[in-house]
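*Asks:* Let me give you the structure first, and then I'll get to my questions.
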Amino acid sequence: MAFTIRFRVWDKQEKEFSQKGFSLTLDGKLLKFGQPITNEDNFIVNSFTGLKDKYDKDLFEEDIIEHTVAKGGNLTQHTGIIRYNNEHGAFYLENGPPLLQLFSIRKVGNPYENPVLYDLYLKSKS
2 MAFTIRFRVW DKQEKEFSQK GFSLTLDGKL LKFGQPITNE DNFIVNSFTG
52 LKDKYDKDLF EEDIIEHTVA KGGNLTQHTG IIRYNNEHGA FYLENGPPLL
102 QLFSIRKVGN PYENPVLYDL YLKSKS
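Residue numbers for the sequence shown follow my numbering, beginning at 2 and rising by one.
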């Protein structure tokens, strides 16, 4: 079985995501149309988790999601940011459980296209 690595790239100058024309070398260098990028600081790469939310939207690293937690017979909504955990080799919610343990996930946004939402999330955690 083949595994395809997918990612999206946020262009800080253009203020948009793209997947077209970008590739990664084995040592993690970003290329555009096969050529090395000289200004790598202008780009942010987010890995695809391999999962979709309940509305069939792709979930990427750093996406903000809402999910349902069942505890003691009660269901509660929680919000979190998807992060990759190198130690476990899996995607987790920041300071939370592995993504695969969640259900009823809804993608809310990401910090690049909706920085206000991200700021609200950070304020709610402090």
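The C-beta atom is built at its ideal place from N, Cα and C for all residues, glycine as well.
For residue 7, does the count of other Cβ atoms within 10 angstroms reach 16, so buried, or fall short, so exposed?
*Replies:* The residue you call residue 7 lines up with position 6 of the sequence shown. Exposed, because fewer than 16 other Cβ atoms sit within 10 Å of the Cβ of residue 7.
*Asks:* Between 117, 109 and 113, which has its C-alpha nearest residue 59's C-alpha?
*Replies:* Within the sequence shown, residue 59 is the residue found at index 58, counting from 1. Residue 109 is the option with its Cα nearest to residue 59.
*Asks:* How long is the line joining the alpha carbons of residue 94 and residue 101, rounded to whole angstroms?
*Replies:* On the sequence shown, position 93 is the one that residue 94 refers to. On the sequence shown, position 100 is the one that residue 101 refers to. Those two C-alpha atoms are separated by around 10 Å.
*Asks:* Would you kindly work out how many angstroms separate the C-alpha atoms of residue 40 and residue 92, rounded to a whole number?
*Replies:* Counting from one through the sequence shown, the residue named residue 40 turns up at place 39. Counting from one through the sequence shown, the residue named residue 92 turns up at place 91. Those two C-alpha atoms are separated by around 28 Å.
*Asks:* Express the C-alpha separation of residue 26 and residue 121 in angstroms, rounding to a whole number.
*Replies:* For the purposes of this step, residue 121 is identified with residue 120 of the sequence shown, where counting begins at 1. For the purposes of this step, residue 26 is identified with residue 25 of the sequence shown, where counting begins at 1. Residue 121 and residue 26: Cα-Cα distance of roughly 35 Å.
*Asks:* Using three-state DSSP, classify residue 27 as helix, strand or coil.
*Replies:* Position 26 of the sequence shown holds residue 27. Three-state DSSP puts residue 27 in coil, outside helix and strand.
*Asks:* Can you give the Cα-Cα distance for residue 112 and residue 45, rounded to whole angstroms?
*Replies:* Walking along the sequence shown from the start, residue 112 turns up at place 111. Walking along the sequence shown from the start, residue 45 turns up at place 44. Those two C-alpha atoms are separated by around 11 Å.
*Asks:* For the beta strand (DSSP E) holding residue 108, just list the boundary residues, first then last.
*Replies:* Locating residue 108 in the sequence shown gives position 107, where the first residue counts as 1. Counting along the chain, the beta strand (DSSP E) containing residue 108 begins and ends at 104-110.
*Asks:* Closest by CA to residue 65, which one among 34, 37, 28 and 115?
*Replies:* Start at 1 with the first residue of the sequence shown, and residue 65 comes out as number 64. That would be 115, whose Cα lies nearest to the Cα of residue 65.
*Asks:* Do you know how far the Cα of residue 49 is from the Cα of residue 20?
*Replies:* Here residue 20 is taken as the residue at index 19 of the sequence shown, counted from 1. Here residue 49 is taken as the residue at index 48 of the sequence shown, counted from 1. Approximately 11 Å, taken between the alpha carbons.
*Asks:* Between residue 119 and residue 81, what straight-line distance do the alpha-carbon atoms span, to the nearest angstrom?
*Replies:* For the purposes of this step, residue 119 is taken as residue 118 along the sequence shown, with counting starting at 1. For the purposes of this step, residue 81 is taken as residue 80 along the sequence shown, with counting starting at 1. Their backbone Cα atoms lie some 10 Å apart in a straight line.
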